[in-house]
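Heads up: the sequence shown at position 94 corresponds to 96 in the numbering used here, and the numbers run straight through without jumps. Think of the CB as a built atom: it goes at the ideal place given N, C-alpha and C, for glycine as much as any other residue. Input: a single structure, listed below in structure tokens.
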Amino acid sequence: MVTRTPGQPETLTDDPWDMALRQFAGAADHLGLKRGIREVLSRPHREFTVHFPVQMDDGSVQMFTGYRIIHNGALGPTKGGLRYSPDVRINEVRALAMWMTWKCALSQLPYGGAKGGVTCDPSRLSAAELEHLTRRYATEISPLVGPYEDIPAPDVGTNDQIMAWFMDTYSMHRGYSVPTVVTGKPVVIGGSAGRREATGRGVMIAAREAARSIGRPFAGSRVVVQGSGNVGGVAARLLHEQGCVIVGLSDVRGGIHNPRGIDPNAALARLKETGSLAGYPGADAVSNAELLELPCDMLVPAAIEGQITGKNADRVKASMIVEGANGPTTPDADDILRARGVTVVPDILANAGGVIVSYFEWVQDLQAYFWSEDEINRNLERLMVRTVGQVTRFAAEQDVSLRTGALIFAVKRVADALMTRGIYP
Ligand code: GLU
């Protein structure tokens, strides 16, 4: 069942919640999941919508809408990021929450899935406005969150500073410091070494391991990365370090292309300085849509959902897609890509590095004992290699795509937990 907000211009195929439900239905069919369990997992457990005022710098008051949606907590406290973007809608948050349930289950983390967000444009808010918005939103959703209940983290449009304000607000209400309430915090207040780079590092490991499993060369691969943020930027740098050639890179405004290769360090430094990748020496300007269709071996969509669709999937040249973003490929596109023999390393596998190191951060905070960056990276590597290996072997045995294989594995784990716990009362 798809719930739509009136007036929202969503078509059935582009709606992220519809996408998430279709993916789940495919895995549930494969597993022969009982109707009751299917029903439970087809709906988010808790949906919280908040409308709240923020005092702006010019003295005016502006209303904002935010969400925190808990999809399922059968495996443990729920986990998932907070997104600040003008496009945040309830169906997007629902889908992202469901994907978190599968992502945590797939990597065998003791967490359920959740997601939150505020409909706002953080680039148009001053630091003070962003802080007021975050502290008020944290207060509004505080009935749901807690170290053993629901633990937010950064996502698109949020960062470690926002997590610090969130942690401070929660701690002020309690009267003592509670670092375990969010992950992705600055290291000085209980954040983890390596957390900032973790998602991008995980993307690089997933790409390398998936290439190995299908017997493709990795070093020397021509790679296009969509997105230059915390995921795309880090993935581009680490893939370049591993000997891949970055031939295309983009940010929200557009991309650059050079078939002979782009140095991601120089391009990202330019982006930081000038606010744009445009004008990078020796590269041609391309639109974000053109970027996805550039000649390359590997495409890393690391921006937002719904980028590779039934409309452009047949023009994608890459033979491997590694999903840094959540939900960048629609189910229609998945069908086209599979028929064309393109390997898609799905989001819940490829971008799990972020939540894996969030888990390490939470464990370190609970024990008040911190690990070195080297230990973090070694443990991340171990978990990613194990999970990619499990999924690639399972998908090959069952003759299904990596997405279907990953979803079957994850959904089975959540369904087993649900059945073991039973239905209360
Ligand atoms: N927002 C990230 C994700 O989509 C990280 C979530 C977390 O660390 O809890 O996986």
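Nearest-angstrom beta carbon gap, residue j and residue i [assumed within contact, 8 Å]
i, j, result
"Leu-351", "Val-390", "6 Å"
"Arg-96", "Pro-46", "6 Å"
"Leu-382", "Gly-245", "The Cβ separation is near 20 Å, so there is no contact."
"Asp-16", "Asn-93", "In fact, because the Cβ distance is near 10 Å, the residues do not count as touching under 8 Å."
"Val-183", "Pro-156", "Not confirmed; about 14 Å, so no contact."
"Asp-431", "Pro-181", "Because the chain in this structure spans residues 3 to 427, residue 431 falls outside the shown range and cannot be described."
"Lys-81", "Gly-115", "7 Å"
"Gln-309", "Gln-228", "7 Å"
"Gly-196", "Glu-375", "5 Å"
"Leu-33", "Val-413", "6 Å"
Proximity winner among the options, relative to residue i (alpha-carbon distances)
i, options, result
"Leu-146", "Lys-313, Lys-187, Gly-75", "Gly-75"
"Trp-373", "Leu-420, Arg-262, Ser-194", "Ser-194"
"Val-254", "Thr-160, Ala-315, Ala-29, Leu-273", "Leu-273"
"Met-21", "Gln-110, Tyr-150, Asp-334, Arg-210", "Asp-334"
"Pro-283", "Gly-277, Glu-295, His-259, Ala-291", "His-259"
"Pro-266", "Glu-295, Leu-293, Gly-234", "Gly-234"
"Ala-341", "Leu-293, Gln-392, Asp-401", "Asp-401"
"Gly-78", "Ser-278, Trp-104, Thr-201", "Trp-104"
"Ile-71", "Val-225, Met-65, Asp-152", "Asp-152"
"Thr-171", "Glu-307, His-134, Asn-328", "His-134"
"Thr-345", "Glu-325, Ala-354, Trp-364, Ser-360", "Glu-325"
"Ala-285", "Asn-353, Phe-220, Val-249", "Val-249"
"Gln-392", "Asn-379, Thr-406, Arg-380", "Thr-406"
"Thr-332", "Asn-314, Met-322, Ser-321, Gly-343", "Asn-314"
"Ala-320", "Gly-257, Tyr-371, Gly-343", "Gly-343"
"Ser-230", "Asp-349, Tyr-361, Val-52, Gly-159", "Gly-159"
"Phe-411", "Met-169, Glu-49, Leu-108", "Leu-108"
"Ile-323", "Ala-268, Met-300, Val-357, Ala-200", "Met-300"
"Gln-57", "Arg-138, Asn-328, Ala-271", "Arg-138"
"Ala-166", "Glu-243, Val-236, Leu-84, Ile-216", "Leu-84"
"Gly-68", "Ile-143, Ser-360, Gly-192", "Ile-143"
"Val-52", "Thr-136, Ala-327, Glu-211", "Thr-136"
"Thr-73", "Tyr-86, Val-90, Ala-99", "The identity of residue 73 in the sequence shown is His, whereas the question assumes Thr. Residue Ala-99 is the option with its Cα nearest to His-73."
"Ala-268", "Ser-87, Pro-88, Gly-281", "Gly-281"
"Ser-252", "Ile-358, Leu-33, Leu-270", "Leu-270"
"Ser-215", "Ala-397, Ala-419, Trp-19", "Ala-397"
Exposure of residue i, with buried meaning 16 or more beta-carbon neighbours within 10 Å
i, result
"Ile-425", "exposed"
"Ser-62", "exposed"
"Val-190", "exposed"
"Arg-126", "exposed"
"Pro-297", "exposed"
"Asp-162", "buried"
"Thr-422", "exposed"
"Met-102", "buried"
"Thr-7", "Caution is warranted here: a pLDDT of 36 is assigned to Thr-7, below 50, making its placement in the model unreliable, and no coordinate value can be reported."
"Gln-10", "With a pLDDT of only 39 at Gln-10, under the threshold of 50, the placement of this residue in the model should not be trusted; the figure read from the coordinates follows. So Gln-10 counts as exposed."
"Lys-36", "exposed"
"Ala-417", "buried"
"Ala-208", "buried"
"Gln-25", "buried"
"Arg-224", "buried"
"Met-65", "exposed"
"Ala-305", "buried"
"Asp-60", "exposed"
"Thr-13", "In this prediction, Thr-13 has a pLDDT of 47, which is less than 50 and means its spatial position is unreliable; what the coordinates show is noted afterwards. That one is exposed."
"Pro-112", "exposed"
"His-175", "exposed"
"Pro-427", "exposed"
"Pro-124", "buried"
Terminal residues of the beta strand (DSSP E) in which residue i lies
i, result
"Gly-257", "256 to 259"
"Tyr-172", "No beta strand (DSSP E) contains Tyr-172, which is instead part of the alpha helix (DSSP H) from 162 to 176."
"Leu-301", "300 to 303"
"Ala-155", "152 to 156"
"Pro-124", "That residue, Pro-124, is in no beta strand (DSSP E); it is neither H nor E in DSSP."
"Tyr-69", "63 to 74"
"Met-322", "322 to 324"
"Val-359", "No beta strand (DSSP E) holds Val-359; the alpha helix (DSSP H) holding it covers 355 to 369."
"Asp-286", "286 to 288"
"Tyr-1", "Examination of residue 1 is not possible in this model, given that the chain is present from 3 through 427 alone."
"Pro-55", "48 to 57"
"Thr-345", "345 to 347"
"Arg-224", "224 to 228"
Unbroken alpha helix (DSSP H) run spanning residue i, endpoints
i, result
"Asn-267", "266 to 276"
"Asp-338", "A small correction: the amino acid at residue 338 is Ile; Asp does not occupy that position in the sequence shown. 333 to 341 is the extent of the alpha helix (DSSP H) around Ile-338."
"Lys-105", "92 to 108"
"Lys-414", "404 to 423"
"Glu-307", "Segment: none, Glu-307 is in no alpha helix (DSSP H) and carries neither H nor E."
"Gly-245", "Premise fails: Gly-245 is in no alpha helix (DSSP H) and is neither H nor E."
"Val-393", "375 to 400"
"Val-42", "37 to 43"
"Thr-201", "197 to 215"
"Pro-18", "18 to 33"
"Tyr-139", "129 to 142"
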